[in-house]
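Structure first, then comments.
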Amino acid sequence: ESMGMRDILVKIKPDCFEDLIAILALYRPGPLGSGMVDDFVKRKRGLVPVTYDPPALEDILKETYGVIVYQEQVMKIANVLAGFSLGEADILRRAMGKKDPETMSKLKERFVTGAAHTGINEKKSGKIFDLIEFFAGYGFNKSHSAAYALITYQTAFLKVHYPVEYMAAMLTCDMGKLDKISAGIRECKDMGIEVLPPDVNESDKDFTVSGRAIRFGMVAIKNAGEAAIDSIITIRNEGGKFTSIFDFCNRADLRKVNKRTIESLIKSGAFDSTGARRSQLMEALDKAMSIGNANQKSKEQVSIFEALTATGGNSFSEKLPDIPEWDEHELLKYEKEMIGFYITSHPLAKYESKIRRHSSITTKVLMDLDDGKEVAICGIISEIRTTNTKKGDRMAYVRIEDIDGSVEVIVFPELYKSSSELLVAEKPVIVSGIMNKNETGCKIKGSNIQDLLKAPERRTSKMDIRLHSTGLTTEDLNSLKGILINHIGKCPVFLHLISNHKEYILSLDNNLSIKPSDELINSIEGKFGRNSVSFN
Numbered sequence: 001e002s003m004g005m006r007d008i009l010v011k012i013k014p015d016c017f018e019d020l021i022a023i024l025a026l027y028r029p030g031p032l033g034s035g036m037v038d039d040f041v042k043r044k045r046g047l048v049p050v051t052y053d054p055p056a057l058e059d060i061l062k063e064t065y066g067v068i069v070y071q072e073q074v075m076k077i078a079n080v081l082a083g084f085s086l087g088e089a090d091i092l093r094r095a096m097g098k099k100d101p102e103t104m105s106k107l108k109e110r111f112v113t114g115a116a117h118t119g120i121n122e123k124k125s126g127k128i129f130d131l132i133e134f135f136a137g138y139g140f141n142k143s144h145s146a147a148y149a150l151i152t153y154q155t156a157f158l159k160v161h162y163p164v165e166y167m168a169a170m171l172t173c174d175m176g177k178l179d180k181i182s183a184g185i186r187e188c189k190d191m192g193i194e195v196l197p198p199d200v201n202e203s204d205k206d207f208t209v210s211g212r213a214i215r216f217g218m219v220a221i222k223n224a225g226e227a228a229i230d231s232i233i234t235i236r237n238e239g240g241k242f243t244s245i246f247d248f249c250n251r252a253d254l255r256k257v258n259k260r261t262i263e264s265l266i267k268s269g270a271f272d273s274t275g276a277r278r279s280q281l282m283e284a285l286d287k288a289m290s291i292g293n294a295n296q297k298s299k300e301q302v303s304i305f306e307a308l309t310a311t312g313g314n315s316f317s318e319k320l321p322d323i324p325e326w327d328e329h330e331l332l333k334y335e336k337e338m339i340g341f342y343i344t345s346h347p348l349a350k351y352e353s354k355i356r357r358h359s360s361i362t363t364k365v366l367m368d369l370d371d372g373k374e375v376a377i378c379g380i381i382s383e384i385r386t387t388n389t390k391k392g393d394r395m396a397y398v399r400i401e402d403i404d405g406s407v408e409v410i411v412f413p414e415l416y417k418s419s420s421e422l423l424v425a426e427k428p429v430i431v432s433g434i435m436n437k438n439e440t441g442c443k444i445k446g447s448n449i450q451d452l453l454k455a456p457e458r459r460t461s462k463m464d465i466r467l468h469s470t471g472l473t474t475e476d477l478n479s480l481k482g483i484l485i486n487h488i489g490k491c492p493v494f495l496h497l498i499s500n501h502k503e504y505i506l507s508l509d510n511n512l513s514i515k516p517s518d519e520l521i522n523s524i525e526g527k528f529g530r531n532s533v534s535f536n
């Protein structure tokens, strides 16, 4: 589901299982860089004719529209056209994969000689060999790709037809991996699936289906161990739902469910279903635990009736202090602290419209971008680590978190001097910089940091629309033109057409200038995919 794979799917428009096998074999650096993918797309969509010369190639290459995609096809061509045994064909496959020139020279002679016996002249057979030698360097094992494709199809089927159950299972599988859980919850929201906060009266250990929503699993809460959660669930199943914090502390085994665990449950919102405010619950916790401990000690010595009498009556009816709820900032801060991310809301949610105008990308698709690409991202500062360079200059490593995830930003000394007052935890900022990617992940080398809340409301000087030219039709362009005409304004539009790793930029006519709006963005991205629109 990466941005690159989605682009290929949109271009190829798969309509059979064989297309899925081919896509998974093609989505690798070699085929992408060699132009094989674009060739496949054009043939699949009928933009260029598919020819087979000699005709015997049709049976072998028909399913991939004349493009040699699989190692098995290389072997079959050698077998059918040049009379190679399957053992010899496998030697050819391995030699091509290793690019062994000496062995390849001998095999070419063998291929040309064998092809002559099937009526193919030396010139044509030499060209065929050179062709399969080119493709074989990128060829993928079809049986391997087919196994991937089957799992891909099964999971896609489940996600489409059983989305809530599928996403609940995915979140459970990713338990403990905060970045993946956060991305999964964002995906649920994009799919229209509500992720409900943890609840002592509803949650299980894992993520579970609750109607058409997903209920957060209690084991994912900080300081809530499996033994404590198992105990809570057992007591709830035996005696029914908890009616208050006093009821909970009276019934729960406080030897397993300690104060730290209950505090974490309160802060994460797990007691909200009792109708109390989180501030009230925290204020009453010591008293509730004191009564609960007294009752439980009494139960070990006398009857429950006598224990209740000894503590002055039914502790379930104790009143909560009449105090206001924590403000939203504090509520979300505790949620993040206990769960690892925000679930009921996000500090950036109220700035979403502003963020769309100021950012060019989100953390969700950073790994799909090229190293060295300029980016602008909006988020809150979740972590700051300062250090000194060898020269003694101050610099920092700052983690920026947006609604989709987080990324580390390197703040070099010069930028640190000019923006150190903005480097405050929970501060909403706009960070511009350069992508720095390697095999372990990506970072951003910061070049500018701005206060998101103080950024000019209309910082838009132009709108960029990025489209892949392969498979782009006149109908697509007319549809885009219609969208732009419905949002006429003064902001110029630039169309970026991407083809074979080249980018052609067209400045659209002034009568297609637009007025930026969320409706405009949603219309274009609904047609051409998320992140096809950006602003400068």
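In the numbering used here, the protein residues as written are 1 to 536.
Glycine is no exception: its CB is placed at the ideal position from the N, C-alpha and C atoms.
In this model, residue 402 and residue 182 are separated by some 10 Å (Cα to Cα). In this structure, the beta-carbon distance from residue 442 to residue 338 does not fall below 8 Å. In this structure, the beta-carbon distance from residue 32 to residue 149 does not fall below 8 Å.
For residue 428, the enclosing beta strand (DSSP E) stretches over residues 428-438. Pairing residue 65 with residue 43 gives a Cβ-Cβ distance under 8 Å. Nearest neighbour of residue 294 by Cα position, chosen from 252, 444 and 278, turns out to be 252. DSSP places residue 346 outside any beta strand (DSSP E), giving it a letter other than H or E. Of all C-beta pairs linking the segment 395-414 to the segment 479-490, fewer than three are shorter than 8 Å, placing the two stretches out of contact. In the same chain as residue 449, and ignoring 5 residues on each side of it, the C-beta atoms closer than 6 Å to its own belong to 419, 422, 429 and 431, in chain order. Annotation: the continuous beta strand (DSSP E) that includes residue 448 extends over 441-451.
Within the segment 395-429, the runs of alpha helix (DSSP H) that reach at least 4 residues and sit entirely inside it are, in chain order, 413-419.
Relative to residue 212, the option among 193, 221 and 197 whose CA is nearest is 193. Counting C-beta pairs closer than 8 Å gives fewer than three between the segment 490-507 and the segment 517-530, which falls short of the contact rule. Under the three-state reduction of DSSP, residue 16 is assigned to coil, being neither helix nor strand. Here DSSP, grouped into helix, strand and coil, assigns residue 237 to helix. Restricted to the segment 463-498, the alpha helix (DSSP H) segments that are unbroken, complete and at least 4 residues in length are 474-485, listed in chain order.
Segment contact: the segment 319-328 against the segment 273-292, three or more CB-CB distances shorter than 8 Å; contact assigned. For the pair residue 416 and residue 487, the Cα-to-Cα distance works out to about 40 Å.
When the five nearest sequence neighbours on each side are left out, the beta carbons in the same chain lying within less than 6 Å of the beta carbon of residue 103 are those of 95, in order along the chain. Apart from the 5 residues on each side of it in sequence, residue 97 sits with its Cβ closer than 8 Å to the Cβ of 71, 136, 137 and 139 in its chain, given in chain order. When C-beta atoms of the segment 375-395 are compared with those of the segment 347-366, three or more pairs fall below 8 Å, so the two segments count as touching. Setting aside the 5 residues that flank it on each side, residue 276 is surrounded in the same chain by 320, each with a C-beta closer than 6 Å to its C-beta; the list follows chain order. Where residue 140 is concerned, there is no enclosing beta strand (DSSP E), because DSSP gives it neither an H nor an E.
Inter-residue distance for residue 237 and residue 263 is about 22 Å (C-alpha atoms, whole angstroms). Exposure of residue 29 is indicated by the presence of fewer than 16 other C-beta atoms within 10 angstroms of its C-beta. Judged by DSSP in its simplified three-state form, residue 276 adopts coil rather than helix or strand.
Collapsing the DSSP output to three states places residue 37 in a helix. In the DSSP annotation of this structure, residue 260 is not part of any beta strand (DSSP E); the continuous alpha helix (DSSP H) holding it starts and ends at 259-267.
Taken through DSSP and simplified to helix, strand or coil, residue 65 comes out as coil. Around residue 202, the same chain offers 215 as residues with beta carbons nearer than 6 Å, after the five sequence neighbours per side are excluded. With a cutoff of 8 Å on beta-carbon distance, residue 175 and residue 188 are scored as not near each other. For the beta strand (DSSP E) assignment, the uninterrupted runs of no fewer than 3 residues enclosed by the segment 203-233 are, from N- to C-terminal side, 208-210 and 213-215.
In this structure, DSSP gives residue 184 a helical state, which the three-state scheme calls helix. The segment 75-84 makes contact with the segment 105-114, as at least three CB pairs between them are under 8 Å. Classified as buried, residue 125 has 16 or more neighbouring CB atoms from the shown chains inside 10 Å of its CB. Residue ranges of uninterrupted alpha helix (DSSP H) with 4 or more members, entirely inside the segment 59-126 and ordered along the chain, are 71-82, 86-98 and 101-116.
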